[in-house]
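In what follows, a single structure is set out as structure tokens and then discussed.
Residue numbers (the numbering used here): -17 to 144.
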């Protein structure tokens, strides 16, 4: 199984999980996986509304779950796959945990309603630290945006946390 086929299977799983979360929790598909060698170690969804904790973004939930599962704070060598481009909080938490391989579907500029305007971008880190991390943005973005359109059509909530 080549690398692209493995990544496609992971992304298929991510889309399935996104749909499950949309249906079960009636929230936008803020979901992510921690994976290594095409094996999903942990997955998470945005739990901010249910916990009243703004740090419970899907990526942070996935990272915490992976660290607990592996009984370590270091996720060096692991990859983070998620639906939306990361917030700065999630990106920094991922870097602190040792993750340097990032893949996401929807770029922030494609779905502005989900992002606060900021002057710092994940790509700024890449410019400042060339060769230190891998970023693959916009993977299957068109398909991901279709799922978000479906969520909007079904009146699933995005920003209403409390």
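A virtual CB, placed ideally from N, CA and C, is assigned to each residue, including glycine. Here the structure is a predicted model, which means the values were calculated and not measured.
- For residue 135, there is no enclosing beta strand (DSSP E); the enclosing alpha helix (DSSP H) covers residues 123 to 135.
- Contact check for residue 42 against residue 27 fails: the beta carbons are separated by 8 Å or more.
- Proximity of the segment 46 to 56 to the segment 5 to 14 falls short of the contact definition, fewer than three beta-carbon pairs being nearer than 8 Å.
- Closest by C-alpha distance to residue 111, out of 120, 131, 82, is 82.
- In the same chain as residue 122, and ignoring 5 residues on each side of it, the C-beta atoms closer than 7 Å to its own belong to -7, 87, in chain order.
- Residue 114 is positioned such that its CB atom lies no closer than 8 Å to that of residue 80.
- Assignment of residue 29 by DSSP, reduced to helix, strand and coil, places it in the coil class.
- Taken atom to atom, the span from the alpha-carbon of residue 31 to that of residue 106 is near 30 Å.
- Within the same chain, no Cβ atom closer than 6 Å to the Cβ of residue 74 is found once the five residues on either side in sequence are excluded.
- In this structure, DSSP gives residue 44 a helical state, which the three-state scheme calls helix.
- Going by beta carbons, residue 0 and residue 63 fall outside the 8 Å limit.
- Burial check for residue 71: the Cβ neighbour count within 10 Å stays below 16, so the residue is exposed.
- With a 10 Å radius around the Cβ and a threshold of 16 neighbouring Cβ atoms, residue 35 comes out exposed.
- For residue 79, the uninterrupted alpha helix (DSSP H) run begins and ends at 70 to 79, by DSSP.
- Contact between residue 129 and residue -3 is confirmed by a C-beta separation of about 7 Å, below the 8 Å threshold.
- Shown here for residue 116: same chain residues with a beta carbon closer than 8 Å to its own, the five before and five after excluded, namely 82, 83, 84 in chain order.
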